[in-house]
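Trainee:
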Amino acid sequence: MSEPRSLVAGNWKMNGVAESIAELNQLNSLLASGGTCNCDVMICPPYTLLNSFVEAEGSVLIGAQDCHANKSGAHTGDISATMIKDCGATHVIVGHSERRADHGETSENVSAKASAAIAENLGAIVCVGETEAERDAGQTLDVVLDQVKKSVPSEAAASDVIIAYEPVWAIGTGRTPTTGDVEEVHKAIREQLVSRFGDEGNSIAILYGGSVKPANAEELMAVPNVNGALVGGASLKAADFNGIIDAYRK
Ligand code: PGA
């Protein structure tokens, strides 16, 4: 059985200007001096910073936060996976709950975006997660498993995708599910991936996201089938983000 490589990814959302490269440089030096770290580390800055971040010295991987499903064309304001690849990024987040909520993206849209990413050899970080109302109604597993099923495109290989489970109500709120709740959802996602991809499904990283901080990272990252984190607010400062990465240092 192949173990997933863990990943701690920072999603900067609509934050960051040219001088923010200082945080990336600091993060790269903290990684260089911080001892062996048993995970990959990624920053997903806004599109405007992709190029300069890719050119920075260091081990931090660079991803984008979204892509259009088409390669090019009349889509004012959109960015294609082809363009992201051209910038030198290696991954792209698709289906973040803020995209699903703010831009009405369905799992079918997310699947089309993931397909575009995969066609460019970009790793697709596919986000799923229930709202608070769905959790209260006892629909968490149904909602999350339906999103995974429909958002991961049919042609995807296990090596093309990373799943990020992010309860919508935990994003940016300081609230997190119990470790038992996280374990239950990650286990259900793992079972679905194995039933779809066979043993290869065991090699897909399943990240947890939603109010991950240095103070709770170790506990959350120790949950079975949690193979890393997708971090918003606490990824903006290199020192905080490094405190989360500590969960993967011995
Ligand atoms: P948060 O965001 O860490 O600020 O809660 C997580 C995310 O949206 O990926």
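Heads up, the sequence shown is in the working numbering, so the first residue is 1212 and it goes up one at a time. Ideal Cβ positions, reconstructed from N, Cα and C, are used throughout, including at glycine. Predicted model, so just to flag it, every value in this text is computed and none were measured.
Going by other Cβ atoms of all chains shown within 10 Å of its Cβ, with 16 needed for buried, is lysine 1324 buried or exposed?
Mentor: Buried, since its Cβ has 16 or more Cβ neighbours within 10 Å.
Trainee: Using a Cβ-Cβ cut-off of 8 Å (strictly less than) and excluding sequence neighbours within five positions of threonine 1247, which residues of its own chain qualify?
Mentor: If we look at threonine 1247 and ignore the five residues flanking it on each side, its Cβ neighbours are Arg1460 and Lys1461.
Trainee: Can you list the residues near the ligand PGA, meaning Cβ strictly closer than 6 Å to any non-hydrogen atom, in the order they appear in the chain?
Mentor: Qualifying residues come out as Asn1222, Glu1377, Ile1382, Gly1383, Gly1420, Gly1421, Ser1422, Val1423, Leu1441, Val1442, Gly1443, Gly1444 and Ala1445.
Trainee: Taking Cβ positions, are proline 1215 and serine 1414 nearer each other than 9 Å?
Mentor: Contact flag set, yes.
Trainee: Considering only their Cβ atoms, is the gap separating glutamine 1237 from alanine 1450 smaller than 9 Å?
Mentor: Against a cut-off of 9 Å, the Cβ pair of glutamine 1237 and alanine 1450 comes out as a contact.
Trainee: Given this structure, state the Cα-to-Cα distance separating alanine 1375 from leucine 1235, to the nearest angstrom.
Mentor: Spanning the two alpha carbons is a distance of roughly 22 Å.
Trainee: Got a sec, what are the start and stop residues for the beta strand (DSSP E) aspartate 1251 sits in?
Mentor: Element bounds for aspartate 1251: 1251-1255.
Trainee: Name the DSSP bridge partner or partners of glycine 1274?
Mentor: Glycine 1274 is bridged to His1302.
Trainee: Take aspartate 1347 as the anchor and find which of Gly1334, Ala1328, Pro1388 and Val1321 has the nearest alpha-carbon.
Mentor: For aspartate 1347, the nearest C-alpha among the options comes from Pro1388.
Trainee: Three Cβ pairs or more, each shorter than 8 Å: is that satisfied between the region 1318-1335 and the region 1394-1404?
Mentor: The region 1318-1335 is not in contact with the region 1394-1404.
Trainee: Which residue marks the beginning of the beta strand (DSSP E) containing valine 1374, and which one marks its end?
Mentor: The sequence as given places isoleucine at residue 1374; valine does not occur at that position. Element bounds for isoleucine 1374: 1372-1376.
Trainee: What is the residue span of the alpha helix (DSSP H) that valine 1354 lies within?
Mentor: Looking at the DSSP string, the run of the alpha helix (DSSP H) that includes valine 1354 is 1351-1362.
Trainee: Can you grab the Cα-Cα spacing for the pair glutamate 1174 / lysine 1282, in whole Å?
Mentor: There is no way to answer for residue 1174, as the model of the chain reaches only from 1212 to 1461.
Trainee: Going by beta-carbon coordinates alone, are valine 1442 and asparagine 1222 separated by less than 9 Å?
Mentor: Cβ atoms of valine 1442 and asparagine 1222: closer than 9 Å.
Trainee: If you compare alpha carbons, which of Leu1333, Ser1318 and Ala1416 is closest to glutamate 1341?
Mentor: Looking at the Cα atoms, Ser1318 is the closest of the given residues.
Trainee: Given valine 1337, which residues of its chain have a CB within under 8 Å of its CB, disregarding the five upstream and five downstream residues?
Mentor: The residues are Val1305, Gly1306, Val1321, Ala1325, Val1359, Ser1362, Val1363, Val1372, Ile1373, Ile1374 and Ala1375.
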